[in-house]
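One structure is given here, and the rest of the page talks about it.
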Amino acid sequence: MEITALNIAIALLILFLFGLGLYLILKKGRKRKKEREIRRFNELVQTFIESEEIPVSLKDDALNYIFVNLAMEDFYGISSEAIIGLDDFEILDDKMAMKERKTDKKVLATKTFVTDEMLWRGKIFKTTKFPVDLLNGKFGVGAYIRSASEKNREKYLKTLMSISDGVMIVDPMGKIEMLNSTAAEMTGWTAREAMGKHYSQVFVLEDEKKSGVVPDPIEEAFRDNTMKEFDSQVVLVSRDGKKYHLEDSIAPISDDEGQIDGAIVIFRDVTEIKGKRDAMEYNSFHDALTGLYNRRFFEEELIRLDTERNLPLSVIIGDVDSLKLTNDIFGHEAGDELIKRVSEIFKKVCRADDIIARWGGDEFAILLPQTEKKDAQKLSDRIRDNFSKEKIKSIQGNVSLGVATKYQPEENIEVIIASAEDNMYMKKTLNRGKKKEDAFNLILDKLYGELPVEAEHARKTSEVCKKIARKMKLPEAEINKVSKAAYLHDIGKVALDKEVASKNEYVIDETFKEMKMHPVVGYRILNAFDHTMDLANVVLGHHERWDGTGYPQGLKGKEIPKLSRIIAVGERFDDMTTDTDYRSAIGSNEALEEMKRNVGTHYDPEVVEALEKVIIEEAVATARLSR
13 MEITALNIAI
23 ALLILFLFGL
33 GLYLILKKGR
43 KRKKEREIRR
53 FNELVQTFIE
63 SEEIPVSLKD
73 DALNYIFVNL
83 AMEDFYGISS
93 EAIIGLDDFE
103 ILDDKMAMKE
113 RKTDKKVLAT
123 KTFVTDEMLW
133 RGKIFKTTKF
143 PVDLLNGKFG
153 VGAYIRSASE
163 KNREKYLKTL
173 MSISDGVMIV
183 DPMGKIEMLN
193 STAAEMTGWT
203 AREAMGKHYS
213 QVFVLEDEKK
223 SGVVPDPIEE
233 AFRDNTMKEF
243 DSQVVLVSRD
253 GKKYHLEDSI
263 APISDDEGQI
273 DGAIVIFRDV
283 TEIKGKRDAM
293 EYNSFHDALT
303 GLYNRRFFEE
313 ELIRLDTERN
323 LPLSVIIGDV
333 DSLKLTNDIF
343 GHEAGDELIK
353 RVSEIFKKVC
363 RADDIIARWG
373 GDEFAILLPQ
383 TEKKDAQKLS
393 DRIRDNFSKE
403 KIKSIQGNVS
413 LGVATKYQPE
423 ENIEVIIASA
433 EDNMYMKKTL
443 NRGKKKEDAF
453 NLILDKLYGE
463 LPVEAEHARK
473 TSEVCKKIAR
483 KMKLPEAEIN
493 KVSKAAYLHD
503 IGKVALDKEV
513 ASKNEYVIDE
523 TFKEMKMHPV
533 VGYRILNAFD
543 HTMDLANVVL
553 GHHERWDGTG
563 YPQGLKGKEI
573 PKLSRIIAVG
583 ERFDDMTTDT
593 DYRSAIGSNE
603 ALEEMKRNVG
613 THYDPEVVEA
623 LEKVIIEEAV
633 ATARLSR
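In the numbering used here, the protein residues as written are 13 to 639.
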């Protein structure tokens, strides 16, 4: 902006006075004389500067105020004693302070005059800043402020009209004089429609939670003749019902005599920002999967509630027994569903003011203020009973729960927590065997109940594998083992969709990739139970091929467990000699011939040879019976 001769004259005179005073202070050595010169300097500065009725200030090199005149005191509405030593961030709002700091730094960097405009209490002012040699090798910033011209006011209003924030100007009666395009878009009123209407018709505010009457910040700005900010819970409701969270302020506009001439409202839509902020705050204290409180919040609440007033203070620690099994068999989506189900049970059974938290992956904690141990135990029993009725796929809901209660103020709450955990682990250990047996039986019931054909296939495969093993002269323990493994060889199909599981596993189609996973899932299931753990590797390898082209590991020859090689032959033989939706059954000899053609590629020659002996022996036995 143009620097006028008057501006330069005022600034030079202020510079002279400041410079003279500082020079005299530094020049005089004796304390008494220095104090006398300081008084003379202050009197001189005050006499001239106050006569101009122009707000004048001086900041040091750190941009803290070291001098303000009476006009500046009136401008800020703060005494000089309160201002000295402060910077703009301690006097102005952050946005204005940042603007002032930017021009101050420009003055110090360029050692030149800098002029700017500022909106203060509804009026537009022109600021002139200039460098001041502090005579200590450093520079400060001098400044004075004057009212802007009407031309500049119009220019400023044009700028307001074009900014991205919403701007609304109202007269002293609250009637709208100006609405910029952003404000029009957010309110749903065009500037023409809004003109002359009372702002309350256009600028409709309501409480975010609808918990009471919204204080009218515009009315408050008029009443108190001070700048007001929107409450963080206030939302703007547009003409079409859309809601905006707002930020920013309302400032009354005063005329030259100090009379209120209207108000300017500047606002912006922070709905998205607030949403992200609220989400971050929510996520910092809540578990993302269940919506329950997280461990961090639980531990903070534990400290807050650990008072004598809340005694007896009971704690329940719970562990979902079947989560790992569910994850292993059906994948993490099913495991997540199990966690969400138990969370819903907790919320359904507990009181509204009980603190329920997801303590860890499969662990939960409940904090029960003013609750006797017997009542906490009853709650624990209800949770367990409710969850036992839940099923995810074929996995029954089981949760181990431990209870402990603090009765005396001197008891350590951490010891109480540890006691509840110990109680929970003891119950988990005592019930582990029965729960695992029940879980295994449920898996078999689901597979063979939904797919009776699989049950018959499992039985017949088990029989033929047992016969093959005997012909191979395996030890009795191995014969029994292959019989059991053959009966369970397709247990992994329990994790497949029924439509996929019912298909012939030798048919190559779009579901074959999914079908190929069943040996792996079967391995996981069998490996999870003590009584089937030794069968897991056998089942894992029953679709490997002698030439290494099988799955899931691509094992070759004798790398494949012997019992897996037996099941590969036994289940294929049963498949070919049984009617299915994909093919009609063929005779035993025809099936044997087909398998012989695949010896050395698909099958172990020794196992096929043993199968041939079984078939011949059974044919001979049948012939004898028919005589």
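Think of the CB as a built atom: it goes at the ideal place given N, C-alpha and C, for glycine as much as any other residue.
Helix, strand or coil at MET173 according to DSSP, with G and I counted as helix
In the structure shown, MET173 sits in a helix (DSSP, three-state: H, G or I).
Expressed to the nearest angstrom, what Euclidean distance is found between the alpha-carbon atoms of MET130 and LYS141?
A direct Cα-Cα distance of roughly 13 Å separates MET130 from LYS141.
Whole angstroms are fine: how far does the CA of ARG251 sit from the CA of TRP201?
Distance between the alpha carbons of TRP201 and ARG251: 7 Å.
Considering only their Cβ atoms, is the gap separating LEU538 from MET545 smaller than 8 Å?
Judged by beta-carbon spacing, LEU538 lies within the 8 Å limit of MET545, meaning their Cβ atoms are closer than that value.
Start-to-end residues for the beta strand (DSSP E) that takes in LEU413
Residues 411 to 418.
With 16 as the cutoff for other CB atoms within 10 Å, does ARG636 come out buried or exposed?
It counts as exposed.
Would DSSP call MET185 helix, strand or coil?
Looking at MET185 - three-state DSSP - the assignment turns out to be coil, as it is neither helix nor strand.
Within the region 68 to 103, note down every full alpha helix (DSSP H) run reaching 4 residues or more, in order along the chain.
Runs of the alpha helix (DSSP H) inside the region 68 to 103: 82 to 88 and 92 to 95.
Beta-carbon separation of VAL611 and ILE578 under 8 Å?
The criterion of a C-beta distance shorter than 8 Å is not satisfied by VAL611 and ILE578.
8 Å Cβ cutoff met for ILE351 and THR302:
With contacts defined as CB atoms closer than 8 Å, ILE351 and THR302 qualify as a contacting pair.
Secondary structure at ILE66, three-state DSSP: helix, strand or coil?
In the three-state reduction of the DSSP assignment, ILE66 falls in the coil class, being assigned neither a helical nor a strand state.
Would you call PRO531 buried or exposed, if buried means 16 or more other Cβ atoms sit within 10 Å of its Cβ?
Per the 10 Å Cβ criterion, buried.
Which two residues bound the contiguous beta strand (DSSP E) that contains LYS390?
Here LYS390 belongs to no beta strand (DSSP E); instead the alpha helix (DSSP H) covers 385 to 399.
Nonlocal neighbours in the same chain, by C-beta distance under 7 Å from LYS477, ignoring five residues either side:
Position check: residue 477 holds Cys in this sequence, whereas Lys was assumed. Only residues of its own chain outside the window of five on either side were considered, and among them VAL494, SER495, ALA498, ILE578, ILE579 and GLY582 have a CB closer than 7 Å to the CB of CYS477, listed in chain order.
Would LYS385 and VAL354 be called neighbours here (beta carbons separated by less than 8 Å)?
Contact: no.
From MET529, ILE276, ASP281 and GLU231, residue whose alpha carbon lies closest to that of VAL247:
Nearest of MET529, ILE276, ASP281 and GLU231 to VAL247, Cα basis: ASP281.
For ILE315, the first and last residue of its enclosing alpha helix (DSSP H):
307 to 317 is the span of the alpha helix (DSSP H), which, as asked, contains ILE315.
Would you be able to state if there are at least three C-beta pairs under 8 Å between the region 286 to 294 and the region 315 to 335?
Too few Cβ pairs lie closer than 8 Å, so no.
Could you check the C-alpha separation between LEU413 and SER392 for me, to the nearest Å?
One C-alpha to the other measures close to 6 Å.
Using CA atoms only, rank isn't needed, just tell me which of ILE480, ALA631, HIS555 and THR561 is closest to GLU621.
Of the candidates ILE480, ALA631, HIS555 and THR561, the residue whose Cα lies closest to the Cα of GLU621 is ILE480.
Based on Cα-Cα distance, which residue from LYS360, GLY152 and TYR256 lies nearest to ASP219?
Comparing Cα-Cα distances from ASP219 to each of LYS360, GLY152 and TYR256, the minimum goes to TYR256.
Segments of 3+ residues assigned as beta strand (DSSP E) that fall wholly inside the region 180 to 263
As far as the region 180 to 263 is concerned, its whole beta strand (DSSP E) runs of at least 3 residues are 188 to 191, 216 to 219 and 246 to 249.
Which word fits GLU55, buried or exposed, when buried means at least 16 other C-beta atoms lie within 10 angstroms of its C-beta?
Any reading at GLU55 must be qualified, since the residue scores a pLDDT of 47, below 50, and its modelled position is unreliable; no value is offered.
Contacting residues, own chain, Cβ-Cβ under 6 Å from ALA17 (five flanking each side not counted)
Because ALA17 carries a pLDDT of 44, less than 50, the predicted location of this residue cannot be relied on, and no value is offered for it.
Contact defined as beta carbons within less than 8 Å: I believe SER91 pairs with ALA155. What is the distance between those atoms, to the nearest angstrom?
That pair is no contact at about 18 Å.
Would a C-beta distance cut-off of 8 Å place ILE262 and LYS240 closer than the cut-off?
Yes, the pair counts as a contact, with Cβ atoms nearer than the cut-off.
On the criterion of 16 or more Cβ atoms from any shown chain inside 10 Å, does VAL126 qualify as buried, or is it exposed?
Counting C-beta atoms within 10 angstroms of its own C-beta, VAL126 has 16 or more neighbours from the protein chains shown and is therefore classed as buried.
If you draw a straight line from the alpha carbon of ASP340 to that of HIS501, how long is it in whole angstroms?
Near 17 Å, if we compare the C-alpha coordinates of HIS501 and ASP340.
Can you have a look at THR613 and say buried or exposed, based on whether 16 or more other CB atoms are within 10 angstroms of its CB?
Result: exposed.
One or two residues paired with LEU379 in a DSSP bridge
LEU379 pairs with VAL327 and ILE367.
Inspect the beta-carbon positions of ILE230 and MET207 and report whether they are closer than 8 Å.
Contact: no.
Name, in chain order, the residues that DSSP records as bridge partners for LEU131.
The beta-bridge partner set that DSSP reports for LEU131 consists of ILE136.
What's the gap between the Cα of MET108 and the Cα of LYS118?
Approximately 16 Å between the Cα atoms of the pair.
Assigned secondary structure, ARG557 (DSSP; H/G/I helix, E/B strand, else coil)
The three-state secondary structure of ARG557, taken from DSSP, is coil.
Using CA coordinates, which residue listed in ASP72, ARG235, GLU571 and LEU442 is at the minimum distance from ASP116?
The residue with the shortest Cα to Cα distance from ASP116 is ASP72.
Pairwise C-alpha distance: GLU602 and GLU630
Cα-Cα distance, rounded: 15 Å.
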